[in-house]
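**Student:** Residue numbers (the working numbering), protein chains in the order written: chain A, 1 to 499; chain B, 500 to 729; chain C, 730 to 1043; chain D, 1044 to 1720. I'd like to ask some things about the structure below.
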């Protein structure tokens, strides 16, 4: 029943938004829903930790440690985003952004708000569904659902560039997901030849995983290639990453943060499910090589764009490409350390990344630009909290100790050596160092420097609360990870390892 | 009945293979086609053929749920979607020719190459020692499905207009449909329904987007959407 | 303890007395070689004595550093003198400082003298200090290499140990490494003591001075201390040269006979070295300042060759 | 006991950091907390260090982090003790100094944040020196870099400062990358990140991996220490930080690299091959000589000191390199002596470099400039600062009887001993390295004559009009402590050297303390029979005794004639002014000419004539030397990276067709190559 509630709560929040006519009611509904959602996710995690996998409707919904982890992370990000969104959209309203929209498209501010408060919960609902679906077909549908919900969020502001971004996002994601669907069909086929229609009727992962060793191998090969490309597109792995900078820089900040963490997690989650099947069927070697190549390529592609970047929101997008590359790379390295490192990375990334987005959002809203050139540096003078948090988040996201992403990257590096990928490891570290340099050069030039005499922004409690809260969590998990969370991650790693 | 030039002994499979080949021919025809409206109509025919394939599969394998699939395909892809697209095309007033990025003869050549690639890939699925019907059928239709997919993809690459890219996407999904139907005799029904629903929503959303792009840019040429760089 | 003090006292007297003599002797010799009459060998004593009885003028700009420098120069020179075997192989204070201490104590004196030169605020002082520090710096590696060559042969940087080893195998000075090291150290000696062709101790022409420019503002007892200190330094370096490379006559104990014999040999060796310097000073012109590094480079190469030959020809 | 003092010290730093941040709204309180907490931490740190050094056997303890992979485990042994001792001395002196130094920040800058970073730096250094686990070590290592970055860019409004800070943090991160790889290599071999497990595993590693591990660690630690050619960040970053921080950066932060090398090369890797030791030695020589040569050309007081840090790191590496070679050649006794030379010089350099930076800070504090060409004559208004700086200058120049001399003397002795124990041509390298050490020492002396004389002596060069005053008492006490340490470690070296026994025993299995001391505990000997001996105490005593009669002579003369004060000789043209003084640039000119091949000096003289070409109205003189490494190595590299990146941006040119094409091509390639087994 818990599983069902996990889906119903956000759906309800989305539907309620259609009913309300007042902003505060929508905000309230949204906040309450995600607070409840987070509690539900925590409860699910606790239950999974205690009693093992939970399933519903004859295994239609199925949650093991891996799902619970992804759901917990999605719920966490959703909660953080919903808190931030309150401040963000109020600011938008006050600064007259909605007015402009109204003038150009004739849509009232409250309609715009409703658009967000209705779509975001649906978007999150489909993310939760991704993790809950046992049936691989449903999994695919849910992933496609995230795309459909988020296309409107990307074109939220209705500018020409938003349309452009939305179009590119929609087309590329659709093509990608078609590949994933093809892969899913072939997976089904490779199992079908062994098991026949009857046992397979539901295409359930929990059934498939038990029999994967006997699947038709050539089909599985082809299927995994297509799956990698397909869900890889959604995860933003190079060379399928091209939609990311556009979509991330055009979507409203809370939606962009959801895209960068929630959607990324879902896509990687889907990849992991198929990775388990593939490595059981074909042995880990085949998937590993492919994943390592694509992972390294993604990190490498992000490097030049991070080094030479004019727009700080696009910078964040490339960081996301970099991180999806790291996760895929870690999956490719495999072994207990690699998988554990990958899941740790996913967890830490989901916690850290929203902070970076929120800081960028504050800066963008305050200065009304997302270009470094126009921001003119020295933000620490007019917005000390955001500035400091921005630097902190930059360091955290680039994997610098003492922040938690360093722990996962160190683990991943160790797994690379264990798996014998020496050269890859060296290139990997080289890329990371370069990315750190590029990031810090840009962000420090934004935050530090002489005071350019911007007027100080109006302080917003919602924004500050989300930033301070996240920053506190980011700092704490750098030094200490709650042991239940670790056990959950360990359990998830066990599942991906195929145990 | 046994036709000498098809290796499959089973009539249903023979017909399926034949129809799949026709679908492929239609797909290649799309590549060479210059008119948007004809493109939409070819898509409709193609979808109907697929619906027929689904019907044959359902009949020969006594799989009732595939009848639903066949029906849905016929209605949605053969009727509703082409109708919607045609309306949209008329509403935004596209009458002119499609201007492909690569000229027609070369495009067709490439489409041929992609078909070959499809066969090359599918060859590894051909197990001559396995004399069962399914194996041979799988080999052939998989090749066609891959070819359909690749050619659809290529069409998307080759077209400038937003709407034509949507067309490419749709024909690409027809390839998937063929694979799903003929390889595994249909996915579980719920999955199929979900996929149909998704396709429909996708077409709607893309349609809205096409409309908005047309409004904002006074053009449907997506190759002009190049503001976001670097 | 007492013994060390007595020995130190004896050597101290020796140093204080011989040093001006050596300077005077070279001056006289030079004059004779240049067919001048020149002053007699005791003129330097008279100069020092006279300066010690004069009043002083201290530049207005100078601080206590200016006043401290003469003491440090003088005292370091003497202390170094006590670490070097002169008439016997056993120098009184050699346990407390070997050849490295000698080099670095002299550097300490130079350090303060250069500070004193700059403390006056006069451009001459600055120029002198700059040049002095430059030349000593580039002389240093050559000196060290030459010293190392000897030290490696003796397996010690302790000067008494080195002298003992040298006496016990006195034929060794003919070895190529010793010859080369000697040549290197001799060039360094010329540079360090401010002799032609590196520096001209007799000139006060503005642009050619090095050492003299540095001490231009010193007068009276301070100047006496500096001059005396400089002559002691010269003595010390020459002693180092002659006693390490030509150790004959060094007494191995502190008996009266040994000391007397050692003393005679020592004076004789100093005389020979002094003649050599006088000869060189007479027969050479002062080099341009920027040619000096080339000379010191030669010394460095000689030192390196010395080292290499140590292990090639042993 | 060690553990408790260590824990209290860590707790002091930790609470100090948080309390400072919390009190940032109240500057005076923040300053007070910052300095008091640091002083307390330093006190307990020193106690822990002394106890840890004397104890001999390591003390271990560990704290859980929630992830079993990463444990916060510490090991306090003699090596940790020495570096912690240096840290504690410096931290103590700097925090006393900062009582007054930070006062000028009040109301202008955020002292609370400064205090937070300051404590974070001290904390991370303490942990770096005691970490027993690669993970904890790397954490502390990078926190140290980040805290230093924050402190270097404390004056972030200034463009130069920001650039310097970025250069610093980027180089730091590169070295972190090297260390990460190195530790990952070792962890993979041993299956654990504990330092204790590395030794056994490293010995079993294949030759290629050993080489890789050595090179990675050498690069990583070397960059942190500022070895040439990875030094360029050091002279950029150290001068722009607040001076009390520069003192810590040059004093102890760069020593973390030395600590790492000692820890990894001698302990974890279990000895490195002979060529590796030789590499360390050669890099040491190059860094020492080039470091001091570049220092000579500086007339920014703090940059000059920063270059001297490179030089001294070079000297330390000479000792360390010798130790590594001796160890592998089977002479652990000699290795122990060389190691003592290196570690002792590390400690000494920490102390006198900190002293000098604090002195420079005082000068900056009261005159507002770091440019020596604008200073002069400060010995009169600031006599105590001048005295402390002078002692520091004598010490760093390696002149007897202070501490710099002792450690350089030990280094010489080790280098000389190297001639006898190695074969072939490499043996020549030892005495040659020794001669280069001599060159370095002499050049350093020249440089500090310049630094001290131009800054403190003669006439002021344009700062007369400013109100120059002696520093407040806490600053003087801070410097005074370090001055006393210089003298004490110099004169009392023999008393101190026995403390190295636990260290050498632990790393090399040798106790050589008793060999190094003879002659009733006053004489330092080279640790081998008939080797060299020296006694700084006796030298100091001798200098004092001998100075007495000389003073008597002068006093007697002064009784007869009054000592007069008069103007300096002005060539008969009255009016000698500060403009006639020798400048820092002029002082170093002979060396600039002699080493012109290195400096590639460029100079430009422009004369403006009024009427006659013989009487120029004004002459403008410009001179600069070529920053070879920056210009020839780093600038082209940076340019290359930026150019390639800019070209690569064509990938994302906005065309959706191109984007689809990427996917299409990838798909086709994968289908073609991957789909069939």
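Glycine included, every Cβ here is placed at the ideal spot set by N, Cα and C.
Establish whether the CB of residue 1198 of chain D and some CB of chain A are separated by less than 8 Å.
**Tutor:** Closer than 8 Å: no.
**Student:** Helix, strand or coil for residue 1604 of chain D? Go by DSSP, reduced to three states.
**Tutor:** Here residue 1604 of chain D sits in coil by DSSP.
**Student:** Tell me, please, which residues DSSP counts as bridged to residue 56 of chain A.
**Tutor:** BP columns for residue 56 of chain A point to A:61.
**Student:** Counting only Cβ pairs nearer than 7 Å, list the residues of chain C close to residue 1455 of chain D.
**Tutor:** Ordered by position in chain C, the residues that pass the 7 Å Cβ test against residue 1455 of chain D are 829.
**Student:** Need the endpoints of the alpha helix (DSSP H) that residue 604 of chain B sits in, please.
**Tutor:** Where residue 604 of chain B is concerned, the enclosing alpha helix (DSSP H) stretches over 603-621.
**Student:** Chain D beta carbons: is any one of them nearer than 8 Å to that of residue 158 of chain A?
**Tutor:** Closer than 8 Å: no.
**Student:** Residues of chain A with CB closer than 8 Å to the CB of residue 726 of chain B, please, in chain order.
**Tutor:** 160, 161 and 164, listed in chain order.
**Student:** Verify the CB distance criterion: does residue 972 of chain C have a CB-CB separation below 8 Å to chain D?
**Tutor:** With 8 Å as the cut-off, residue 972 of chain C does not count as an interface residue toward chain D.
**Student:** Just to confirm, is the Cβ distance from residue 956 of chain C to residue 1611 of chain D under 8 Å?
**Tutor:** Not a contact, by the Cβ cut-off of 8 Å.
**Student:** Considering residue 309 of chain A, what are the terminal residues of the alpha helix (DSSP H) in which it resides?
**Tutor:** Residue 309 of chain A -> no alpha helix (DSSP H), and no H or E assigned at all.
**Student:** Which partner residues does residue 817 of chain C have in the DSSP bridge list?
**Tutor:** Answer is C:980.
**Student:** Starting from the C-beta of residue 600 of chain B, find all residues in its chain whose C-beta is less than 6 Å away, skip the five residues before and the five after it, and write them out in chain order.
**Tutor:** Around residue 600 of chain B: 657.
**Student:** Only counting the same chain, and skipping five residues up and downstream in sequence, which positions put a Cβ closer than 7 Å to that of residue 960 of chain C?
**Tutor:** Excluding positions up to five away in sequence, the list reads 748, 749, 751, 752 and 773.
**Student:** Rounded to whole angstroms, what is the Cα-Cα separation between residue 1478 of chain D and residue 871 of chain C?
**Tutor:** The alpha-carbon atoms of residue 1478 of chain D and residue 871 of chain C are separated by roughly 7 Å.
**Student:** Would the region 1487-1496 of chain D count as touching the region 1336-1350 of chain D if we require 3 or more Cβ pairs under 8 Å?
**Tutor:** As far as the Cβ criterion goes, the region 1487-1496 of chain D touches the region 1336-1350 of chain D, which means the pair count is three or higher.
**Student:** My guess is that residue 286 of chain A and residue 415 of chain A are in contact by the Cβ rule of under 8 Å, so how many angstroms apart are they, rounded?
**Tutor:** So it is not a contact: roughly 18 Å between Cβ atoms.
**Student:** Pull up the distance between the alpha-carbon of residue 788 of chain C and that of residue 1342 of chain D, whole angstroms please.
**Tutor:** If I take the Cα positions, the gap works out to 26 Å.
**Student:** With a threshold of 8 Å between beta carbons, is residue 1475 of chain D in contact with chain C?
**Tutor:** For residue 1475 of chain D, the answer is yes, since a Cβ of chain C falls inside 8 Å of its Cβ.
**Student:** I want to verify the contact list: residues of chain B whose CB lies under 7 Å from the CB of residue 1629 of chain D, in sequence order.
**Tutor:** Simply none; closest approach about 51 Å.
**Student:** Return the CA-CA distance between residue 790 of chain C and residue 439 of chain A, expressed in angstroms with no decimal places.
**Tutor:** Roughly 54 Å separates the two Cα atoms.
**Student:** Roughly how many angstroms lie between the CA atoms of residue 74 of chain A and residue 369 of chain A, to the nearest whole one?
**Tutor:** Rounded to the nearest angstrom, the two C-alpha atoms are 29 Å apart.
**Student:** Can you list the residues of chain C that residue 1726 of chain D reaches, using a CB-CB cut of under 8 Å?
**Tutor:** Because chain D is modelled from 1044 through 1720, residue 1726 of chain D falls outside the range shown and cannot be assessed.
**Student:** Please list, in chain order, the chain A residues whose beta carbon lies closer than 9 Å to that of residue 668 of chain B.
**Tutor:** Those are 171, 174, 175 and 178, listed as they occur along chain A.
**Student:** Measuring straight from C-alpha to C-alpha, what distance separates residue 30 of chain A and residue 1245 of chain D?
**Tutor:** Taking the straight line from one Cα to the other gives about 56 Å.
**Student:** Buried or exposed for residue 350 of chain A, please, with buried defined as at least 16 other CB atoms from any protein chain shown within 10 angstroms of its CB.
**Tutor:** Buried is the call here.
**Student:** Is there a Cβ of chain A sitting closer than 8 Å to that of residue 1296 of chain D, yes or no?
**Tutor:** Not closer than 8 Å to any Cβ of chain A, the Cβ of residue 1296 of chain D fails to qualify, so no.
**Student:** Ignoring anything shorter than 4 residues or poking outside the region 112-184 of chain A, list the alpha helix (DSSP H) runs there in chain order.
**Tutor:** Listed in chain order, they are 136-154.
**Student:** Might you give, ordered along the chain, the residues of its own chain that have their beta carbon closer than 8 Å to the beta carbon of residue 630 of chain B, omitting 5 neighbours on each side?
**Tutor:** Because the pLDDT at residue 630 of chain B is just 49, under 50, the model does not fix this residue reliably, and the value given afterwards should be weighed accordingly. Excluding residues within five positions, none has a Cβ falling inside 8 Å.
**Student:** Ordered along the chain, which non-local residues of its own chain (more than five positions away) have a Cβ less than 6 Å from that of residue 497 of chain A?
**Tutor:** Answer for residue 497 of chain A: 339, listed in chain order.
**Student:** Checking 8 Å against the spacing of the C-beta atoms, do residue 889 of chain C and residue 820 of chain C come in under that value?
**Tutor:** Going by C-beta atoms, residue 889 of chain C is nearer than 8 Å to residue 820 of chain C.
**Student:** Does the contact criterion of 3 or more C-beta pairs under 8 Å hold for the region 1157-1169 of chain D versus the region 1054-1065 of chain D?
**Tutor:** Yes, the region 1157-1169 of chain D is in contact with the region 1054-1065 of chain D.
**Student:** Could you tell me which residues DSSP puts in a beta bridge with residue 1609 of chain D?
**Tutor:** According to DSSP, residue 1609 of chain D bridges with C:788.
**Student:** Could you work out which residue in D:1441, D:1566, D:1638 and D:1629 is closest to residue 1579 of chain D when comparing CA atoms only?
**Tutor:** Checking every option, the nearest Cα to that of residue 1579 of chain D belongs to D:1566.
**Student:** Excluding five sequence neighbours on each side, which residues of the same chain lie with their C-beta closer than 8 Å to the C-beta of residue 1256 of chain D?
**Tutor:** Excluding sequence neighbours, residue 1256 of chain D sits near 1225, 1228, 1229, 1245, 1248 and 1312.
**Student:** The ligand GTP and residue 608 of chain B: does the residue's C-beta get closer than 7 Å to at least one heavy atom of that ligand?
**Tutor:** The ligand GTP is not among the ligands present in this structure, which contains no ligands whatsoever.
**Student:** Is the Cβ-Cβ distance between residue 385 of chain A and residue 375 of chain A less than 8 Å?
**Tutor:** Not a contact, by the Cβ cut-off of 8 Å.
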